[in-house]
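Novice: Chains as they are written, first to last, in our numbering: chain A, 42 to 337; chain B, 216 to 555; chain C, 5 to 381.
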Amino acid sequence: MDQELMLTEEELRKYKIKKTFANIGIYAFLVIFALFIIIPFYWMLATALRSEAELQQTQISFFPKDWVFANFRTAIQYASKQGVNFFKVFWNTILVGLFTTAGTLITTVLAAFAFARLNFKGKEVIFSIFLATMMIPGEIFVISNYATISSWGLKDTYIALILPFITSVFYIFFLRQTFRQIPNELYLAAKVDGTGDFKYLWKVMIPMAKSTITSITILSMMGSWNAYVWPNLVSGKNHLLVSNGLLSVYKDIDGTGTILSLQMAAATMVTIPLLIVFLLLRKQIMRGVSRSGIKG
Amino acid sequence: MLEYKNDIWKALLALAPTLLLMAVFTFYPIVHTVVTAFMEGYSYGVWWSNGNTIGWLDHYGETVMQSSYDSSGNLIGFTQTYVGIGFGNFTSIFKDPTFLAALKNTAIMVIVSVPITVIIGLLISVALNSIKKLQGVFQTIYFLPYVTNTIALGLVFSVLFSSRNGLINSFIEAMGGSRVAWITPFGGGNPSYFTCLFVLMVYTVWDGLAFKILVFLSGMQSIDKQYYQAAQIDSTPRWRVFTKITVPLLSPMIAYITITSFIGAFKAYSSVIAIFNGRYGPRSNPNMLITVVGYTYDKLGKMSNVNEIGRACASALVLFAIIMAITVVELWISKKKVHY
Amino acid sequence: METEQKIEETVVQETPKTSEQQSVEVRLEGLSKVFVDSTKKETKAVWDFNVVIPAGKLIGLLGPSGCGKSTTLYMIAGLHKPSGGKIFFGEDDVTFMPPEKRGIGLVFQNYALFPHLTVKQNILFPLENIRPKMPKEQMLAMAQEMAELVHIGDLMDRKPAQLSGGQQQRVAIARALVKKPKVLLLDEPLSNLDARLRLQTREEIRRIQKETGITTVFVTHDQEEAMSISDEIVVMNYGVQQQKDEPQKVYEEPVNLFVAKFLGNPPINVIDGIVENKQLKLINGQVLDHVDIEDQPVSIGIRPEFFSLDDGLKMDVYVDMVEHIGRDTMALCKIEGYENTVRAIIPSYKKLEANQLIKIGFRRYFVFNKETGERLK
């Protein structure tokens, strides 16, 4: 038996070679898909930097011939010629993102607190109804919300962009789970000292749910940065968000090479801020997304 | 918890903002959408007056008629009109070739994109999980699409596949092939349904991988290492380890990801809009890849027709029904197949 | 919110602010707690509990898990509302007072330290709720004083996660004591510590209690813990008080079989027996003693250390195994006709071999009613 289990030198060498090849295979597979992910980003940047003359040609090189950084400035000027202030669009998005996030945090923290910590009749029923609404696709709400916002005369205002999104059943659920993990003894300990419920929320629950609250903040800000459908319906020229700005200003310009670089320059300017935030907060963002994803 | 506490007032206070917002933006829309879907010839709006002029403001806030009148106050009334209750909106959208095309397109997109994304995501996760060096770097790269703007990168894909000077065609030409009219015409030839769908699917996979890899990987990292050590002792081949250990133990995640991907894919909209620069297809056929959601939003955009909002509601309900059906079927299957 | 404010204001008048605090007697009168679950099933967690805890004493509430001791503690704290009965602190009826008005300090089994706050902030936490607000310096001074008392004065800026179990325990005690409560309540204070720390900490608790002279009630399932530091122990089972006395007294003179079994390690030997014609017999017929008890089946309790080789009453046993455990020798014996093993502890200098029939002597024994467990002799 012992003899059979022992590997001869030849077999060991074969095993090592096999293992090395397998490893090379795995890395090759990963590199190919990494290129698949990265190339669009590269092409965006490369096109943004190409000169007008270069884009007029049908033969295109992988690397830009000249680096025309002025394209970024030109892209902004192009937008203002169309009546869209590029900086205003950024500012709108940040403003809407901040207010939506702040509002969402206030409403969801309070609601999650009620569901996790307070005693009242019908708690489970209300919570189940809340959860049931998560099954319904958002498109159902959009139609009526559009009618509601219009009939209130709120079209083309910040309020229209913020108000419908300052609460979220999903975040309430997410926060409630976190709140419920706080040991009951902490609550009793606070009660012994006469701490009121809301004070306990502020001084103990919120600080202890910090990482979930960070996740919600990041996800909510990202949501505003990516919002397209709703702002497209309710925003006029004054309240465009970045996605809408991109598509309305730089659309249908494929035929004319002069503008292609501007479109990509604008896309770069929209993409880069979020990428920088991601690279800075990589760990928190990935943890937040995976935790919120696995919740289901 | 203090078992004798009754916090009904505190709870009302804490829930008030959420309840109020949900009443207006969640519960009312559900009722309103269902009711409207069954109202035939529906339209509604607001009568307004600014002192000497009275007008009719439709639900898009556009004044559609006005006349001089003497009155006080600003908004003076809210009217909705409809001609009957019934399935008229549903029958009319199911007779509409655009809606049928939208249903067909959406179904094809779902069937193509979901399995591809889930399988590639699973393979990448397994590969990632089996390496030590550079794991963090690869993980970061694969996550990038998640934190990018859908519209911006959709525009990038349309440039990548541009027939005149896109990267893909340049590459094909360099390899000795001839250029393809992917999404823009080339040499007199218009892009075909297949090429347009192909580009859209490449973008959908690119965009959807990040989330799946993240969820799969964190699922795999929570699998007890002992299973793999046991398999290693028996010198189990990699493929068997994958099919006999990883997949079964990961099946709850796979089920979850599949359900959410199906739902997500049925709601495809922004990716189409981005790739085709605000349309649903190439200039030669602007509705080529219209989706159910796209159809719904298009109805909202056509305010002149009184019936359109009812049809929008009807098509949204059809979408809801499809999503519900898929969720139920998947939950039923996963109950049978998921190994916990 | 407004009502809460008001409550807090009234608290102030009753919450002592001076460091000199009179210790107070705690009296429970017919205290009961009945839990009703969703199916309307009633569970009597505590039933008709009467006990007087003298001022300044350290009392251990002892019992197996689920015996209602923690519920009793939480009722004293005001975290559970009694279903019946009354709680007095001195002359004050505190039965329906909220916890913060009672002037108690509570240390939880898992310490319940706020993980996001430093040691200092944890100890300050109870003081910050007192209205009108105390000056910051005064609060800090009080916190520092308490920290010194429990010997953690140099750990004030750490977070709980950076402390050992024993240190966390001290922080929890400091937090409970910082408000100068009238009564200190400890819920299983040593159960989360390792064996070595447990010895150290229980002496520490004793020292702190002696230094502050505060009336202290602690709950435990560990008899050794309760016996070693309590002035008196109260043994509970199924929500009912079994016995209350000084620790040694409870050990020496248990009132019933439950108490006898619960105290002592290794546990008491319980042997089925019978009384016939005033004679105490084993079921194999051996006569052990003459007793003044009516004829009935009984349980005979003999603590392992009651055995000796030579003196006292005699019993025929077969020595199955001999374990030398240092100072003593433990003999595992079989009695004819019995399934269970009898443990006897005998000084090591007495020579004893395994696998032999001997007559073993015993100096004392208890007799309990077989049905009720009530002590007969």
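All residues carry an ideal CB built from backbone N, CA and C; glycine is no exception.
Leaving out five residues on either side along the sequence, give the residues of the same chain with a beta carbon under 8 Å from the beta carbon of C:Gln3.
Specialist: Past the boundaries of the shown model lies residue 3 of chain C; chain C is included only from 5 to 381, so the question cannot be answered.
Novice: I believe B:Ile505 touches B:Thr313 by the beta-carbon criterion, under 8 Å. Please report the beta-carbon distance rounded to the nearest angstrom.
Specialist: At roughly 6 Å, the Cβ-Cβ gap stays under 8 Å, so B:Ile505 and B:Thr313 are in contact.
Novice: With a threshold of 9 Å between beta carbons, is B:Asp222 in contact with chain A?
Specialist: It does; some Cβ of chain A falls within 9 Å.
Novice: Got a sec: which bits of the stretch 222-247 of chain A sit with their beta carbon under 7 Å from any beta carbon on chain C, in order along the chain?
Specialist: Listed by position, the residues of the stretch 222-247 of chain A near chain C (Cβ gap below 7 Å) are Pro224, Glu226, Leu227, Leu229, Ala230, Lys232, Val233, Asp234, Gly235, Thr236, Gly237, Phe239, Val245.
Novice: Using 8 Å as the cut-off, can you tell me whether the stretch 543-553 of chain B makes contact with the stretch 39-50 of chain C, which would need three or more C-beta pairs spanning the two stretches below that distance?
Specialist: In short, these stretches do not touch, since the Cβ pair count stays below three.
Novice: When DSSP labels each residue in this structure, what does C:Asp314 get in the three-state scheme?
Specialist: The answer is coil: DSSP assigns C:Asp314 none of H, G, I, E or B.
Novice: Look up C:Cys337 in the DSSP assignment and give the residues it is bridged to.
Specialist: Paired residues: C:Val323, C:Val346.
Novice: Where does A:Ile223 fall in DSSP's three states?
Specialist: In the structure shown, A:Ile223 sits in coil (DSSP, three-state: anything other than H, G, I, E or B).
Novice: What is the DSSP secondary structure of C:Lys248, reduced to helix, strand or coil?
Specialist: Note: C:Lys248 maps to strand in three-state DSSP.
Novice: Just the chain A side, please: which residues come within less than 8 Å of B:Lys357 by C-beta, in chain order?
Specialist: Contrary to the premise, residue 357 of chain B reads as Tyr rather than Lys in this sequence. In chain order: Phe74, Ala75, Ile78.
Novice: Helix, strand or coil for C:Ser36 per DSSP?
Specialist: The answer is strand: DSSP assigns C:Ser36 an E or B state.
Novice: Roughly how many angstroms lie between the CA atoms of C:Thr219 and C:Asp249, to the nearest whole one?
Specialist: Those two C-alpha atoms are separated by around 16 Å.
Novice: Within 10 angstroms of its Cβ, does B:Arg526 collect 16 or more other Cβ (buried), or is it exposed?
Specialist: B:Arg526 should be labelled buried.
Novice: Can you tell me which residues form a DSSP beta bridge with C:Gln283?
Specialist: In DSSP, C:Gln283 forms a bridge with C:Glu280, C:His294.
Novice: Could you pull out every residue in the same chain whose Cβ sits closer than 7 Å to the Cβ of B:Leu429, ignoring the five residues on either side in sequence?
Specialist: Same-chain partners within the cutoff: Phe358.
Novice: Anything in the stretch 360-377 of chain B with a Cβ closer than 8 Å to a Cβ of chain A? List those residues in chain order, please.
Specialist: If the cut-off is 8 Å between Cβ atoms, the stretch 360-377 of chain B has Pro360, Tyr361, Val362, Thr363, Asn364, Thr365, Ile366, Ala367, Leu368, Leu370, Val371, Phe372, Ser373, Val374, Leu375, Ser377 near chain A.
Novice: Against C:Ile108, what residues of chain A qualify as contacts under a CB-to-CB distance less than 7 Å, listed in chain order?
Specialist: What C:Ile108 touches in chain A: Val233.
Novice: Given A:Ile325, which residues of its chain have a CB within under 8 Å of its CB, disregarding the five upstream and five downstream residues?
Specialist: As written in the sequence, residue 325 of chain A is Gln, which differs from the Ile given in the question. The answer, listed in chain order, is Ser252, Thr255, Ser256, Ile259.
Novice: Along the beta strand (DSSP E) that carries C:Trp51, what are the first and last residues, could you check?
Specialist: Looking at the DSSP string, the run of the beta strand (DSSP E) that includes C:Trp51 is 46-57.
Novice: Chain B beta carbons: is any one of them nearer than 9 Å to that of A:Leu301?
Specialist: It does: the Cβ of A:Leu301 has a partner Cβ on chain B nearer than 9 Å.
Novice: How about A:Gly298: is its C-beta nearer than 9 Å to some C-beta of chain B?
Specialist: Because the pLDDT of A:Gly298 is 43, which lies under 50, any placement of that residue in the model is unreliable, and the number read from its coordinates should be weighed accordingly. True, the Cβ-Cβ gap to chain B drops below 9 Å.
Novice: Relative to the alpha-carbon of C:Arg331, which residue among C:Pro351, C:Pro136, C:Tyr342 has its alpha-carbon at the smallest distance?
Specialist: It is C:Pro351 whose Cα lies nearest to the Cα of C:Arg331.
Novice: Look at C:Ile272 and C:Val321 and say whether their C-beta atoms are less than 9 Å apart.
Specialist: No, these two residues do not count as a Cβ contact at 9 Å.
Novice: With distances taken from CA atoms, which of B:Ile398, B:Val362, B:Lys310 is nearest B:Arg494?
Specialist: Considering only alpha carbons, the answer is B:Ile398.
Novice: Which chain A residues sit within Cβ distance under 9 Å of B:Ser485?
Specialist: The answer, in chain order, is Asn267, Tyr269, Val270, Ser284.
Novice: What does the alpha-carbon distance come out to for the pair B:Glu255 and A:Leu322?
Specialist: If you take the alpha carbons of B:Glu255 and A:Leu322, they lie about 52 Å apart.
Novice: Need the endpoints of the alpha helix (DSSP H) that A:Glu52 sits in, please.
Specialist: It spans 50-90 - the alpha helix (DSSP H) in which A:Glu52 sits, taken as one unbroken run.
Novice: Please classify C:Lys90: does DSSP put it in a helix, a strand, or coil?
Specialist: Residue state, collapsed to three classes: strand.
Novice: Please name the residue in A:Asp197, A:Gln222, A:Met249 whose C-alpha comes closest to that of A:Pro272.
Specialist: The option with the nearest alpha carbon to A:Pro272 is A:Asp197.
Novice: In the DSSP assignment, find the beta strand (DSSP E) that holds B:Gly351 and state where it starts and stops.
Specialist: Careful: B:Gly351 lies outside any beta strand (DSSP E), inside the alpha helix (DSSP H) at 350-358.
Novice: C:Leu317 and C:Leu336 look like a contact to me (Cβ under 8 Å); what is the Cβ gap, rounded to whole Å?
Specialist: Contact flag wrong, Cβ pair sits at about 20 Å.
Novice: What is the C-beta distance between C:Gly109 and C:Ala180, in whole angstroms, given that I count them as a contact (C-beta under 8 Å)?
Specialist: Correct: roughly 3 Å between the Cβ atoms.
Novice: Listed in chain order, which residues of the stretch 73-93 of chain C have Cβ atoms closer than 9 Å to some Cβ of chain A?
Specialist: So the list reads Tyr78, Ala81, Gly82, Leu83, given in the order they occur along the chain.
Novice: Residues of chain C with CB closer than 7 Å to the CB of A:Met249, please, in chain order.
Specialist: Per Cβ cutoff of 7 Å: Pro119, His120.
Novice: What's the gap between the Cα of C:Val56 and the Cα of C:Leu62?
Specialist: Cα to Cα, the separation comes out at about 12 Å.
Novice: How about A:Lys162: is its C-beta nearer than 9 Å to some C-beta of chain B?
Specialist: Closer than 9 Å to some Cβ of chain B, the Cβ of A:Lys162 qualifies, so yes.
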